[in-house]
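Trainee: Residue numbers (our numbering): 352 to 693. Idealized CB from N, CA, C, for every residue including glycine. All of these numbers come straight from a predicted model, not from anything done at the bench. Take this structure first; my questions come after.
See the structure below:
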């Protein structure tokens, strides 16, 4: 079995925060309870996905503001905020505010690209500027500048009884070092590295130059190495991997059957690149902690990272997440060399 070249230093989890349209508060409360459980179990970080016009968390920054007041230690992240929906200046204000409320625990992850189904919603989202909006890396650069304290205006000073700043307020000095880019292509890896961001990799990559049945792990490994090659911190640059991992150590027979069925339904899409973008999906990993450890230690990209945010499946129940997180923290994490935080 190949050794893990980087001992696992940080253990996190990622959830989508699904809710019932008839009772959305219950779903949001469930997510907050899961984050609280994660802290009790010693996880280093909890991350929220971002969904618009769906039955998943549409405002993770607001939910993490609430989580910041119900936890004291665990880091809180977004994976990821699609910037096509956001005004970078306004988002910078929200991120800095929540970071200060959390005591410097926020880890915002972002991505670029046009919103999904843009042709159907652009008149609602950008009624006056829909065809002029730039959904490329420039949107990230603007956010980086605002969060890092670059001027947003050439005006500052006193006007009547009001005092104005030329940069985003509040300013949270450490937040600029905790911004992450969620990417699955070689271009995004290099851009994130060149701009000093951290890098989130997930269970999806673009098989841009590969033909036939490319190897997911090797593609992801090439992205991680390209990112670190141009990052100012070099090999010390932070990368976090987010595969779907489902341990079954303490699961009931019914839960095991459900988990295996879930993974089996999603397996066919992992065989070949999908669609015009040639998206390659990693198989979900279901099994005992010993079995998962063996598979992860054989994963070329996993061997390059010392941080993970294992993704929870979309459609499971609250008690399933409790079991999965408990097994990850008490069995899988230690098997990977991780030690829980106090």
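Of all the alpha helix (DSSP H) runs that stay within the bounds of the region 442-489, which reach a length of 4 or more residues?
Mentor: Entirely contained in the region 442-489, the alpha helix (DSSP H) runs reaching 4 residues are, in chain order, 469-476.
Trainee: Taking its Cβ as the centre, do 16 or more other Cβ atoms sit within 10 Å of residue 549, making it buried, or is it exposed?
Mentor: Buried.
Trainee: Got a sec, what are the start and stop residues for the beta strand (DSSP E) residue 429 sits in?
Mentor: Looking at the DSSP string, the run of the beta strand (DSSP E) that includes residue 429 is 426-433.
Trainee: Could you pull the DSSP bridge partners for residue 592 from this structure?
Mentor: In DSSP, residue 592 forms a bridge with 552, 659.
Trainee: Quick one: what's got a C-beta closer than 8 angstroms to residue 355's C-beta in the same chain, skipping five residues either side?
Mentor: Summary for residue 355: the model assigns pLDDT 46, below 50, so the residue's position carries little reliability, and this model does not support an answer.
Trainee: Do you know how far the Cα of residue 434 is from the Cα of residue 486?
Mentor: Spanning the two alpha carbons is a distance of roughly 8 angstroms.
Trainee: Measure the C-alpha to C-alpha separation of residue 459 and residue 671 and round it to an integer number of angstroms.
Mentor: The alpha-carbon atoms of residue 459 and residue 671 are separated by roughly 26 angstroms.
Trainee: Kindly list the residues whose CB is nearer than 7 angstroms to the CB of residue 481, restricted to its own chain and excluding five residues on each side of it in sequence; keep chain order.
Mentor: For residue 481, where only same-chain residues beyond five positions count, the Cβ hits under 7 angstroms are 473, 474.
Trainee: Are any of the Cβ atoms in chain B nearer than 7 angstroms to that of residue 665?
Mentor: Considering every chain present, this structure includes no chain B. It has just one protein chain.
Trainee: So which of 615, 596, 567, 659 has the shortest CA-CA distance to residue 623?
Mentor: Cα-wise, what sits closest to residue 623 is 567.
Trainee: Measuring straight from C-alpha to C-alpha, what distance separates residue 498 and residue 604?
Mentor: For residue 498 and residue 604, the distance between alpha carbons rounds to 48 angstroms.
Trainee: State yes or no: is the C-beta of residue 363 within less than 7 angstroms of the C-beta of residue 370?
Mentor: Going by C-beta atoms, residue 363 is not nearer than 7 angstroms to residue 370.
Trainee: Taking Cβ positions, are residue 431 and residue 462 nearer each other than 7 angstroms?
Mentor: The answer is yes: Cβ separation under 7 angstroms.
Trainee: What does DSSP give as the partner residues of residue 569 in its beta bridges?
Mentor: Answer is none; residue 569 lacks a bridge partner.
Trainee: Apart from the five residues just before and just after residue 630, which ones in its own chain have a Cβ nearer than 7 angstroms to its Cβ?
Mentor: Excluding positions up to five away in sequence, the list reads 555, 557, 624.
Trainee: Taking the DSSP output, what are the residues bridged to residue 396?
Mentor: According to DSSP, which records beta bridges pairwise, residue 396 is partnered with 363, 426.
Trainee: If you pair each beta-carbon of the region 382-397 with each one of the region 657-673, do three or more pairs fall below 8 angstroms?
Mentor: These segments touch.
Trainee: Could you name the residues that DSSP lists as bridge partners for residue 634?
Mentor: Paired residues: none, contrary to the question.
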